[in-house]
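Chemist: Residue numbers (the numbering used here): 291 to 1131. Once you've had a glance at the structure underneath, I'll fire off some questions.
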């Protein structure tokens, strides 16, 4: 034990390199703990659902019955109540669009908004709006409009009296006191009542008085209880997110264990003569195993402690930097229990990783001490037990994959549960990975023969680099498998993300094909003047595409009616080629280019219901008139704007549909928020005083979808990149240790004429080859598994192969692994040939 500890103390650099992967894993794990604390505390500190001045809350939206306006009046009359505010939110339909009208006092400790212009509403029919609502809906201070909401069924006057700042401005926010909202909308129930107790009064005493006054079934909670419930709900959401993060961190930890196992094999191989001498002077195999395990525990302790300390420093420094830049980010605490757990976990993980190398090294013969070299040749094959285990794991992965394929949903399957298929797929991937770990040394040579061929064509330098990797297949497999794991995960995310992006673009092209939509309420026709003025606004609008929509068109085959829809199918004559988003549509059958007079496009649900396919002939029928048509294409889901049938304008004319348009679609002429605002203003001018004509900003919905999808993809890529980080660290430490192991080899190469740049280049290329082998294996696994995962989800997404991102991923991994070997290669090149040839390692 003293020998091992003193050896570690004499060479701290070797100790650091051996535990570098564990250090990074400890940093990642404890950093995740701190990140969760930062997220939870920031979320709790910035909650605005219940103001801090709220002492009591009457009612619970999740527990009926709701409090009434009469209950609010009784609460205000209770002695000790300084202020009581009714909370409710109603949707208001305007001619200009939609408003989210919320009850808020506007002033005082219980207010959530602050008046910045005009006056706050105090009479029924008065509202205050947010700044973005002014831009989106044109409702500036002094604007008079009308709308329906609550119990109102006919448009009633609304006047904007003020502009307010609000924590969340979605572009459709309006505010007024509770009395104004309830009086205007004719409402009696509220969502809840927030109560502020007078200074000097006891909240419990006031609560008792309110209990005696209010109905017994109305819950009364303290403000702290409500805020804690809101905090718990937010923390639960954060907890779910970090549970998912934990899965990726666990994969990174497994990768670190594999890297450390490989590193210990190299370290022990470098000390074979020392271990043989210990055996020669009487050390038993058990004593050697114990000493090597103790060395592993020491490595884990040091690496885990350094990783946790670094994560703690970064976790407290980052919020301080963000706060200095104006962002409200809370600092984490000092989770000592978690820190100790991470360090203990690092020790346990390192001990588990060192077991196999320790038992293998302890089998050294005392006669090895008589050898001149300090290391023994690395084994190139695998044992029978490992070969059989790897074969069984590979067979299990193939069987699980076949079972997954057998459970894929049919094209017309309506009820489908993807969870069993996903579990089978995860099981198959896990078995495949462990099969790769077991059989990796056998796979390195054939893969290296393919990917190393170009390097061999560059002369002796390339052949030496390829030979250096091929000469130690077990080591190459151990490091390359970790790289392959990271590439498999990242390629799966990239391919799945590309498929989801295509699906999202298709959905947006159907539901939000342009930036704006103008429609008339209650299915009425759009005034012709609106269309004319919109088409004339070319400076603000890039294109205007009017359309007609009929909801009762039926499909016939001779005298027989097709499908089960009693009132027919919604049909639209939208000019698809005029919309730029049409290129995002993909046809499940046929082609959209074949659309024209006498040719229709069906949504898949209509095609299934009517029993039609692309190329079939059918008849459109409406009010006794018919038109013979052919199905040009079938879309994977529904048609644009949720229509079931897309037809040509001439076909609707032949069916006798009036020429007046049902709505129009338009795009902003300029990109960005300014261009969108100009487009909104142009369409408002086109609408003018037309009653019942509304404007929807579809681009906002499209932006929200894009932002959510992009954020999720970047988070996923960031998480799986943890495994790649561990792999790159493993390549660097493996190269650094192999430089020490191969001092005599490097000296011999220098002695026979290899220059320092040549030696550096050879070792750097060797490091890059780890990335080439791992990335090749990772892509071979990742692409089919990603495609199968998309199919298993049953979301009707196409299978995508984003070639450029995958090529970029491959190149990035090769560059990163090559860079990881740059410093060790520089160190090796500085050794004198004479000095190297005289060393015994």
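All residues carry an ideal CB built from backbone N, CA and C; glycine is no exception. The structure presented is a predicted model; accordingly, all values stated were derived computationally and were not measured.
Can you give, in chain order, each stretch of the alpha helix (DSSP H) that sits fully within the stretch 388-442 and has at least 4 residues?
Modeler: Listed in chain order, the complete alpha helix (DSSP H) runs (minimum 4 residues) inside the stretch 388-442 are 421-427.
Chemist: Rounding to the nearest angstrom, what Cα-Cα distance links residue 883 and residue 919 in this structure?
Modeler: Going by the C-alpha atoms only, they are around 16 Å apart.
Chemist: Can we say the stretch 1111-1118 touches the stretch 819-828, given the rule of at least three CB pairs closer than 8 Å?
Modeler: No: the two stretches stay apart, fewer than three of their Cβ pairs being nearer than 8 Å.
Chemist: Pick from 577, 605, 630 and 1047: whose alpha carbon is nearest that of residue 1142?
Modeler: Only positions 291 to 1131 of the chain appear in this structure, which leaves residue 1142 out of reach.
Chemist: Determine the extent of the alpha helix (DSSP H) in which residue 827 is found, giving its start and end residues.
Modeler: Per DSSP, residue 827 belongs to no alpha helix (DSSP H) and is neither H nor E.
Chemist: Between the stretch 450-457 and the stretch 485-492, can you find at least three pairs of beta-carbon atoms closer than 8 Å?
Modeler: The answer is no - the stretch 450-457 does not touch the stretch 485-492, with fewer than three Cβ pairs under 8 Å.
Chemist: Quick one: what does DSSP say residue 879 is sitting in, helix, strand or coil?
Modeler: If DSSP states are grouped into helix, strand and coil, residue 879 belongs with the strands.
Chemist: Assign residue 952 to buried or exposed, taking buried as 16 or more other Cβ atoms, counted over all protein chains shown, within 10 Å of its Cβ.
Modeler: It counts as buried.
Chemist: Run the CB neighbour count on residue 1072, radius 10 Å, all protein chains shown included, and call it buried at 16 or more, exposed below.
Modeler: When all chains shown are included, residue 1072 counts as buried.
Chemist: May I ask you to list the residues that DSSP assigns as paired with residue 353?
Modeler: Bridge partners of residue 353: 350.
Chemist: Out of curiosity, what's the CA-to-CA distance linking residue 742 and residue 1062?
Modeler: So the two alpha carbons sit approximately 9 Å from each other.
Chemist: Would residue 967 and residue 425 be called neighbours here (beta carbons separated by less than 8 Å)?
Modeler: Closer than 8 Å, so yes.
Chemist: Which residues in the same chain have their Cβ closer than 8 Å to the Cβ of residue 983, if we skip the five residues on either side of it in sequence?
Modeler: Answer for residue 983: 385, 808, 809, 810, 811, 816, 817, 820 and 977, listed in chain order.
Chemist: For residue 432, I'd like the list of residues in its chain whose CB is within less than 7 Å of its CB, leaving aside the five on either flank, ordered along the chain.
Modeler: Around residue 432: 450.
Chemist: Assess, as a yes-or-no matter, whether the stretch 926-934 is touched by the stretch 794-802 under the definition of 3 or more beta carbon pairs within less than 8 Å.
Modeler: As far as the Cβ criterion goes, the stretch 794-802 touches the stretch 926-934, which means the pair count is three or higher.
Chemist: Which of the three DSSP states is assigned to residue 706 in this structure?
Modeler: Residue 706 falls in the coil class under three-state DSSP.
Chemist: If I measure Cβ to Cβ from residue 318 and keep anything under 7 Å in the same chain, skipping five residues before and after, which residues do I get?
Modeler: Excluding sequence neighbours, residue 318 sits near 539, 542 and 1012.
Chemist: Between 575, 942 and 332, which lies nearest to residue 653 when the distance is taken from Cα to Cα?
Modeler: Nearest of 575, 942 and 332 to residue 653, Cα basis: 575.
Chemist: Let me know the secondary structure DSSP gives residue 744 once reduced to three states.
Modeler: It is helical.
Chemist: Can you give, in chain order, each stretch of the alpha helix (DSSP H) that sits fully within the stretch 948-977 and has at least 4 residues?
Modeler: Segments of the alpha helix (DSSP H) lying fully in the stretch 948-977: 962-977.
Chemist: Pull up the CB-CB distance for residue 730 and residue 771, whole angstroms please, since I reckon it's below 8 Å.
Modeler: With 8 Å as the limit, residue 730 and residue 771 qualify as a contact, their Cβ atoms being about 5 Å apart.
Chemist: Look at residue 401 and residue 1017 and say whether their C-beta atoms are less than 8 Å apart.
Modeler: Result no, Cβ atoms of residue 401 and residue 1017 do not sit closer than 8 Å.
Chemist: Starting from the C-beta of residue 414, find all residues in its chain whose C-beta is less than 7 Å away, skip the five residues before and the five after it, and write them out in chain order.
Modeler: Same-chain partners within the cutoff: 470, 473 and 474.
Chemist: For residue 840, name the three-state secondary structure that DSSP assigns.
Modeler: Three-state result, residue 840: strand.
Chemist: Where DSSP assigns a beta bridge to residue 806, which residues make up the other side?
Modeler: DSSP, once it has assigned bridges, lists 956 and 987 as partnering residue 806.
Chemist: Which whole-angstrom value is the C-beta distance of residue 697 and residue 555, which I expect to be below 8 Å?
Modeler: Actually they are not in contact, since the Cβ atoms of residue 697 and residue 555 sit about 41 Å apart, beyond 8 Å.
Chemist: In angstroms, rounded to a whole number, what distance separates the CA positions of residue 614 and residue 354?
Modeler: Cα to Cα, residue 614 sits roughly 45 Å from residue 354.
Chemist: Could you name each continuous beta strand (DSSP E) segment of 3 residues or more that falls completely within the stretch 888-952, going from the start of the chain to the end?
Modeler: The stretch 888-952 contains these whole beta strand (DSSP E) runs: 889-893, 907-912 and 915-925.
Chemist: Could you tell me which residues DSSP pairs with residue 847 in its beta bridges?
Modeler: DSSP, once it has assigned bridges, lists 850 as partnering residue 847.
Chemist: Do you know offhand how far residue 880's Cα is from residue 922's?
Modeler: Whole-angstrom Cα-Cα distance: 6 Å.
Chemist: Please state if the CB of residue 685 and the CB of residue 714 are separated by a distance shorter than 8 Å.
Modeler: For residue 714 and residue 685, no; Cβs fall outside 8 Å.
Chemist: Compare the C-alpha of residue 588 against each of 572, 635 and 362 and name the closest.
Modeler: Minimum Cα distance to residue 588 is reached at 635.
Chemist: Beta-carbon of residue 841 versus every beta-carbon of chain C: anything under 8 Å?
Modeler: Annotation note: the requested chain C is absent from the structure, which comprises a single protein chain.
Chemist: Please list the terminal residues of the continuous beta strand (DSSP E) segment that includes residue 512.
Modeler: Counting along the chain, the beta strand (DSSP E) containing residue 512 begins and ends at 510-512.
Chemist: Identify every residue that forms a DSSP beta bridge with residue 463.
Modeler: Per DSSP, 390.
Chemist: How many whole angstroms separate the CB atoms of residue 511 and residue 632, which I take to be in contact at a CB cut-off of 8 Å?
Modeler: Between residue 632 and residue 511 the Cβ distance is about 38 Å, and since that is not below 8 Å, they are no contact.
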